[in-house]
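Here the numbering used here is used: the sequence shown runs in plain steps of one and ends on residue 266.
Just so you know, even glycine gets a beta-carbon here, dropped at the ideal spot from N, CA and C.
Reading through the structure tokens given below for one structure.
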Amino acid sequence: VEDYSHWLDRTARRVVFSPARFTHPQFFSDKFDYVLYLDTGHVIDTSSQRCLINNSNGIWSWMLNIFERLDRPRDVHILAPAPAAVAINTNDNDDDENSIMSDEPPTVANRHHDRHLPLISIPRYGLEFTLMHDGRLASVQFPSMSISPQQCFGTFYGLRNGLLLTNKDGTRRVWLAPHCE
86 VEDYSHWLDR
96 TARRVVFSPA
106 RFTHPQFFSD
116 KFDYVLYLDT
126 GHVIDTSSQR
136 CLINNSNGIW
146 SWMLNIFERL
156 DRPRDVHILA
166 PAPAAVAINT
176 NDNDDDENSI
186 MSDEPPTVAN
196 RHHDRHLPLI
206 SIPRYGLEFT
216 LMHDGRLASV
226 QFPSMSISPQ
236 QCFGTFYGLR
246 NGLLLTNKDG
256 TRRVWLAPHC
266 E
């Protein structure tokens, strides 16, 4: 978790992450982006109420290979559903038990609609994807679009940086290109 300073809360047995700079508007806020629970070792993203997982684990390597086209694997955040044992203290009124599991793609407005689905975040580009029940990686910022299994689209041969999104029937395509050197 870069660009954050960490503070030990001995009473709650947790480490909270605040912006690293005193001049940041949220530095003195009591709302934290990430919390490390010392008893369980889980790092929780409080905005999505998901657990930040170690993406160096081989089980996620297939996903990191996909997103490596946009950013370095260490800068791709994979957020899994938070374990029930982790008490997440937020001001959300959403009841996780009443969450409706859906195969509908997420949007920016409802990206936290189903906390049972893993969320993949590329913070440097402001992009998020949800791993859907059918195995698609659905874009949050581009509704009804998901990562195309075929990344070649007939032009830019040899271009390795970028990601092709398509809709379900393949009639619309969006090419995401990062800042390349």
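| Item | Value |
| --- | --- |
| Proximity of Gln303 and Leu212 at Cβ, strictly below 9 Å | Shown here, the chain extends from 86 to 266; a query on residue 303 therefore has no answer. |
| Nearest-angstrom Cα separation, counted from Asn139 out to Asp94 | 23 Å |
| Pro203 vs Leu164 beta-carbon contact at 9 Å | yes |
| Own chain residues within Cβ distance below 7 Å of Asp179, not counting five before or after | Residue confidence for Asp179 is low, a pLDDT of 40 falling below 50, so the modelled location carries little weight; the figure read from the coordinates is stated next. So no residue of the chain qualifies. |
| Span separating the alpha-carbon of Leu155 from that of His91 | 28 Å |
| CB-CB length for Pro228 against Asn246, believed under 8 Å | No, Pro228 and Asn246 are not in contact; Cβ-Cβ is about 24 Å, not under 8 Å. |
| Length of the line joining the Cα atoms of Asp160 and Asp118 | 16 Å |
| Environment of Asp219 [buried if 16+ CB atoms lie within 10 Å] | exposed |
| N-terminal and C-terminal residue of the alpha helix (DSSP H) that Ile163 is part of | Element bounds for Ile163: not the alpha helix (DSSP H) but the beta strand (DSSP E), His162 to Pro166. |
| Rounded Cβ spacing between Phe214 and Ser224 (contact assumed at less than 8 Å) | 6 Å |
| Where Thr192 falls: helix, strand or coil (DSSP) | Confidence at Thr192 is low in this model, with a pLDDT of 48, below 50, so its placement is unreliable and the value that follows should be read with caution. Residue state, collapsed to three classes: coil. |
| Close Cβ partners of Asn252 (< 7 Å) along its chain, the five nearest in sequence each way excluded | Ser229 and Met230 |
| Minimum Cβ-Cβ distance from Phe117 to chain B less than 9 Å | Although the question refers to chain B, the structure presented lacks it and comprises just one protein chain. |
| Beta-carbon proximity check, Ser103 vs Tyr89, cutoff 9 Å | yes |
| Secondary structure of Ser103, DSSP reduced to three states | strand |
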